[in-house]
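Going from the sequence shown to this note's numbering is simple: count from 1 and add 24.
Idealized CB from N, CA, C, for every residue including glycine.
Please read the structure below before turning to the comments.
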Amino acid sequence: MADDELRLGGEKVLERLLEDEMRESFIDYSMSVIVQRALPDVRDGLKPVHRRILYAMGELGLSPGRGYKKSA
């Protein structure tokens, strides 16, 4: 086994600069967040948080034709 090659649990571990790994990982993570949370869905035009709010309102029986409910 070479000096620069590490093994952990039988798998080869590659050396990499922390700056390079963080830069690449952050870009991957940010793109994932944008796609999952920030862009409205094509099916209904809602973001996930708005869909959850509407679902919760339906579960509580909140609708435009009904009375108010105190929230806090």
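**Prompt:** Taking Cβ positions, are R61 and V73 nearer each other than 9 Å?
**Reply:** yes
**Request:** In the DSSP assignment, find the beta strand (DSSP E) that holds L78 and state where it starts and stops.
**Result:** No beta strand (DSSP E) contains L78, which is instead part of the alpha helix (DSSP H) from P72 to E83.
**Request:** Give the DSSP bridge partners of L30, in chain order.
**Result:** V37
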